[in-house]
Every structure is written in C-alpha cells, then in structure tokens.
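Residue numbers (the working numbering), protein chains in the order written: chain A, 37 to 430; chain B, 536 to 653. For each residue, glycine too, the CB sits at the ideal point set by N, CA and C. Quick caveat: nothing in here was measured; it's all calculated off a predicted structure. Contents: one structure, followed by commentary.
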Amino acid sequence: MSGLSAVTGLGFSELSRQSIGSIRDLAVAAIRDAARDAGILLADIDGLLLNQSTLAPANALPLKIQEDLGLRDLRLLTALEAKGSSAIQMLQYATMAVRSGMAKTVACVFADTPLSPGKGGGQAFAVESPVTGIEGWEGQYGLFGATGSYALSARRYMHVYNATERHLGAVALSGRHWAERNPRAFLRTKLTMADYLASPYIVEPFRMLDCAYPINGAVAVILTGSDRAKDGPKPPVYIHGFGQGHLGTPSRAGFAPELSTGGVLAGKGAFEMAGIGAADVSMCQFYDAFSFSTLMALEDYGLCGPGEAGAFVLDGHTSPGGRLPVNTSGGHLSGYYLQGMTPISEAVIQARSDGGERQSDRNEIILVNGSGGRLEYHAALIMSPLPMLSKRRG
Amino acid sequence: MSDFDSTFLAFIAQRELRVPRCAKTGDVLSYAARLCPDGGTAIEWVKASGAATLYSFAVYRRQYSPDFPVPYNVALVELAEGPRLISTVIVDDLASLRVDMKLMADFDDAGKLVFKPA
C-alpha cells in the first residue's frame, strides 16, 4: 500500500518561555518556515488548516491569517477544535483533501502563547476541569486544570494494576534521556529516579516532572499528495494510515475509561488502513501531556498488555538504546509542549533522519498520536520515510 | 444552563442528592447524559441512598487559588446507584484515603455535597 499523502515541509517559529509575539504572529512565522523547508512559495499553498489551544482566547488564530500570509484562492480553509487530538486530525483532513483532489498543498498550523508576564505555566492551565457533567459543579471542589482530572485517572489505573510512582517517573526519565540529545528541548539536565521522587507533588500522584512543559511557539507542516512529494528538497514523510477514537464512555459503574481509551479505536483505524499491526511499529511519538498519558498510549495501541506499560518503560525499552523509542524529542515533558504538533514534528524529523545526536535507526514505522480532554478524544497516524509499506503481519 | 443541570442543582440546594433515571426503562444515567439509551427524553430524578465508594482521588499540593488552601482532596465518587461525580472526602488525615473505600454522602454547613468514610 503506498503512502496516502506526504509531509514535505516542517516549520517552527521561535520557541520560548518568554513573550515572543501573538499566537497569530507565531503561526505566520511557522508557516513561512514550513514553506521555506518545503521549497515552495507561500503562493503555492492552496489549503490552510488552523488549530489553537482550547484555553487560548477565542479567535486568537482567526481565518484572517490567510490575509496575513497573502494567500489567494484557497480551496480549503478551516479552524479545527478537537482538543489535544486536533493536530493529528488536521493532517488527516489535509490527507483527505489532497486525495480527493480538493487541494494540492495544505499547510497545517498550531500556535500557542500560554506564558506571558505574570502568567506562569501552572496558571495558564488552571481552569476548572469538567468531569461530572453538571455545569459549574467542579468549581466548588477546586478541581483545577487537566493535572487534577488526569491525576484522578492515573490514581485509578495505579490502583487497579498496582502501578507505582516509579512507573510514572520512568516515563519522565525516558523522555529526559532523549531531551538531553535534543538542542531544541527545554529541559535537558540529567535526571535520576531519586531526583524525580524527591521533587514535590503538584496534584498527587503527579509531580512537576509528570506534567507538560509549556512554552510559547508554533509549528506548521506542509502536506501534499504522495505523488508530488519527491519534488521537494527534503525527504518526504509518508502517511500510510490514520484513525480516530472518541468513545463517549459514560461515567458510571461498569465502565473504566481510565484503563482503556479511544486510542484503541484510533489505532485500529490507523493500523488497518496502513495494513500493519502493533507489532510492526518501530517508534512512537505520543501526546504526553502527562507521564501517565504515555503509559495509556503504550497499552491502548497494543505495544504493551494491560497494566504492563510501567514495567516496559522502567526496563528501558523506550529510552535511547531501547527497542521501541518513544518521544525522542523529549516529548511534552522535557522537549516542548506544543500540543499535537510536538509528536508530529518529531516524527517528521526522525523519519527524515534529521535527528542528529538523537536519531534512531528504528524510524521505519512511526506511530504518532494525539489525545485530549480527559483522555476522551484520540487520533493517530502511521508515518514512514518509505513510500510503500510491504504487507506485514496484522 | 440546561434543565437537566438546573434540576439536579435545585435538589442539591435542598440538601437532596438525586440520580437521573429513564422514566420508561428505569436505567440509571450518568450525570453527563441527557437522553435515555433509546434516545427518549423522559428522565426522572430519584433520591440516592447516599452510599458510595471512592472510585479515585487526587490531592492538591500546589496552590491554584486562595479559596482552596492546600493540601486538599478532590474525589471521584461512585454512587451505589451507579453514577460517578466529583466531590471531596472529609477526613482528618489525607493519608487515610484509599481507592474503593466506602463512603456516605452528607452536606456541609454551606450546603455543599461532601462524603465521609462510612
């Protein structure tokens, strides 16, 4: 089965913990950089997909950015909102657009500025998390941030599977090992399990090291049909399969959304479309807003059995030298938190063999995921430097 | 705010914990549902026994708001009738919290729904 589409350009704005411009300005910078990387003019872009953080002010990334970029005659233009699964979804819809012939060259961009003078990382995301389903209910109890709602999920998982904080810590350490080799990563100092365990809790069982590291910045990709992909200066990165999963699991007795998520359904779709199975995945780029998210993804996508992900990571299999590299940029925890574009950008870099000191030779079949809400919304892609994936075991 | 939400909150304001149930089939819904499984809208509100278990909990240790001085716990409680909802467990020692511990609903002086170890 040949690639369904290809990523031919990858662009970054400046990434910083300081204020460096508006979401809109950063998005423009990233798209310009992506076009340069793809060897095209901005005028060659005929499709534009936009995603901003749910927590950013409404209209921070408006359709009007088309005019900032001077783009005429767009045949695809929309803003997407699917929480953390949005960036992957953008690449999915871009793929559908180029395959249908509706557009030829689609730019997809995410930009965010959670940090500003007087507004640090914790406060940026300190909004009450709706969990119960009754408007305003959580306000009385101080359930602030995704940190709190994910901590609830993590605690349940840990109870059911006898997982410990060392398993969470193992994920943080694995990402940090990769970040040490990534000049673009923000947290690169060596970290030990003792350091992790000694660090203070934010919302138990999570410590700061279990949470994404917010930064200001933007990432954009350029996507075209796979037939046109070789025109560009960089090696194309082909998309071979994609899927989504949103289970709508009711919050009541008999259901355990903390143990199995829509990642299973998203993975099923992506694997079937690509003609592969979990056993064929050589590398994972996971949406790891929390260390716990990586454990869930390993299990939901079938890389580990139920409850086994913690031991798998603790044994070193996801770290440099391990047999299943995961989050080779350092991910959200040690690399940079640009929501769904973090795993996508690193998948492209690894697939192109552009990873420098952190380049892994296991880049042939890369599973890339996005997840959002309280692990409610999931999307996945299979990416590869290979234009064709030979038929493999399922 | 939808009628579903305001109905539930009106009961809470009267210090009553109620659960939503399909009038036709008797199936208990979650607090996030708005329709019966068959798509019907006839929902009735039934008094809960107050019995529950602690499905999960989180302990805030970093201050997010002056209204919520740390440390404090947020609980995801599963009512005996089935639905889960966010609340808090009133305990002297946070270290005594255990997943699956038995709880009983109560209302504090301000009329907020809370749970106590049963």
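To the nearest angstrom, report how far apart Gly178 of chain A and Phe291 of chain A are at their CA atoms. 25 Å
Considering Cα atoms alone, identify which of A:Gly120, A:Arg202, A:Ile238 and A:Tyr249 is closest to Ala230 of chain A. With distances taken between Cα atoms, Ala230 of chain A lies closest to A:Arg202.
Residues of its chain near Ala416 of chain A, where Cβ-Cβ distance is below 6 Å and the 5 sequence neighbours each way are ignored: Hits under 6 Å: Gly279, Ala302, Gly303, Ala306 and Asn405.
Return no unless some Cβ of chain A is closer than 7 Å to the Cβ of Met536 of chain B. yes
Which runs of the beta strand (DSSP E) at least 3 residues long sit entirely within the segment 84 to 124 of chain A? Give them in chain order. 112 to 115
Is there at least one Cβ from chain A nearer than 7 Å to Arg553 of chain B's Cβ? no
Leaving out five residues on either side along the sequence, give the residues of the same chain with a beta carbon under 7 Å from the beta carbon of Asp80 of chain A. Thr141
Check whether the Cβ of Leu374 of chain A lies closer than 7 Å to any Cβ atom in chain B. no
Which residues of chain B have a Cβ atom closer than 7 Å to the Cβ of Glu171 of chain A, listed in chain order? Met536 and Asp540
Please list, in chain order, the chain B residues whose beta carbon lies closer than 8 Å to that of Tyr197 of chain A. Simply none; closest approach about 12 Å.
Considering only their Cβ atoms, is the gap separating Gln125 of chain A from Leu113 of chain A smaller than 7 Å? no
Given Ile621 of chain B as reference, the closest of B:Ala640, B:Ser631 and B:Asp628 once Cα atoms are compared: Of B:Ala640, B:Ser631 and B:Asp628, the residue nearest in Cα terms is B:Ala640.
Anything in chain B within Cβ reach of Arg410 of chain A, meaning under 7 Å, just list it in chain order. Proximity of chain B to Arg410 of chain A at the Cβ level (cut-off 7 Å) is not reached, the minimal Cβ distance being about 10 Å.
On the DSSP bridge list, what partners appear for Phe278 of chain A? A:Leu417
Would you mind telling me which residues of chain B sit closer than 9 Å to Tyr274 of chain A, beta carbon to beta carbon, in chain order? Those within 9 Å of Tyr274 of chain A in chain B number zero; the least Cβ separation is about 39 Å.
Just the Cα atoms here: how many angstroms apart are Leu331 of chain A and Glu551 of chain B? 39 Å
Can you find a C-beta in chain B that's less than 7 Å from the C-beta of Val239 of chain A? yes
Please list, in chain order, all residues of the same chain as Ala586 of chain B whose beta carbon is under 6 Å from its beta carbon, the five residues on each side excluded. Ala615
Assuming the contact rule is C-beta atoms closer than 8 Å, Tyr607 of chain B and Ala162 of chain A should be a hit. Round their C-beta distance to whole Å, please. Wrong, their Cβ atoms sit about 15 Å apart, outside the cutoff.
Have a look at the DSSP bridge pairing and note the partners of Gly253 of chain A. DSSP lists A:Asp148 as the bridge partner or partners of Gly253 of chain A.
Count Cβ pairs between the segment 389 to 396 of chain A and the segment 231 to 239 of chain A that sit closer than 8 Å; are there 3 or more? no
Close Cβ partners of Phe348 of chain A (< 6 Å) along its chain, the five nearest in sequence each way excluded: Same-chain partners within the cutoff: Cys340.
Contact defined as beta carbons within less than 8 Å: I believe Ala208 of chain A pairs with Ser327 of chain A. What is the distance between those atoms, to the nearest angstrom? 5 Å
Alpha carbon of Asp627 of chain B to alpha carbon of Pro241 of chain A, nearest angstrom: 19 Å
For the segment 606 to 639 of chain B, list every residue whose C-beta sits within 7 Å of some C-beta in chain A, in sequence order. Tyr607, Val609, Leu611, Glu613, Gly617, Pro618, Arg619, Leu620, Ile621, Ser622, Thr623 and Val634
Suppose the cutoff is 8 Å on Cβ atoms and the five residues either side in sequence are ignored; what does the same chain contact list for Ser287 of chain A look like? Val167, Thr168, Gly169 and Pro293
Quick check on the DSSP output: the beta strand (DSSP E) that includes Glu613 of chain B runs from which residue to which? Tyr607 to Leu614
Rounded to a whole number of angstroms, what is the C-alpha to C-alpha distance between Ala289 of chain A and Glu613 of chain B? 7 Å
Quick check: the Cα distance between Gly311 of chain A and Pro272 of chain A, rounded to an integer number of angstroms? When rounded, the distance between both Cα atoms is 20 Å.
How about Ile67 of chain A and Ala256 of chain A: are their beta carbons less than 7 Å apart? In this structure, the beta-carbon distance from Ile67 of chain A to Ala256 of chain A falls below 7 Å.
Going along the chain, which residues of the segment 566 to 594 of chain B sit with their C-beta nearer than 7 Å to a C-beta in chain A? Tyr566, Ala567, Ala568, Tyr590, Ser591, Phe592, Ala593 and Val594
Checking contacts by CB at 7 Å: is Phe650 of chain B closer than that to chain A? Contacts with chain A at 7 Å (Cβ-Cβ) do not include Phe650 of chain B.
Quick check on Tyr249 of chain A - is its C-beta less than 7 Å from some C-beta in chain B? Tyr249 of chain A is outside the set of residues whose beta carbon lies under 7 Å from a beta carbon in chain B.
Taking the straight line between their C-alpha atoms, what separation do you get for Gly338 of chain A and Ala314 of chain A? 6 Å
Below 6 Å CB to CB, which residues in the same chain sit around Asp104 of chain A once its five sequence neighbours on both sides are set aside? Val64
With a threshold of 7 Å between beta-carbons, can Lys664 of chain B be considered close to chain A, or not? The structure shown does not extend to residue 664 of chain B, since chain B is modelled only from 536 to 653, so the question has no answer here.
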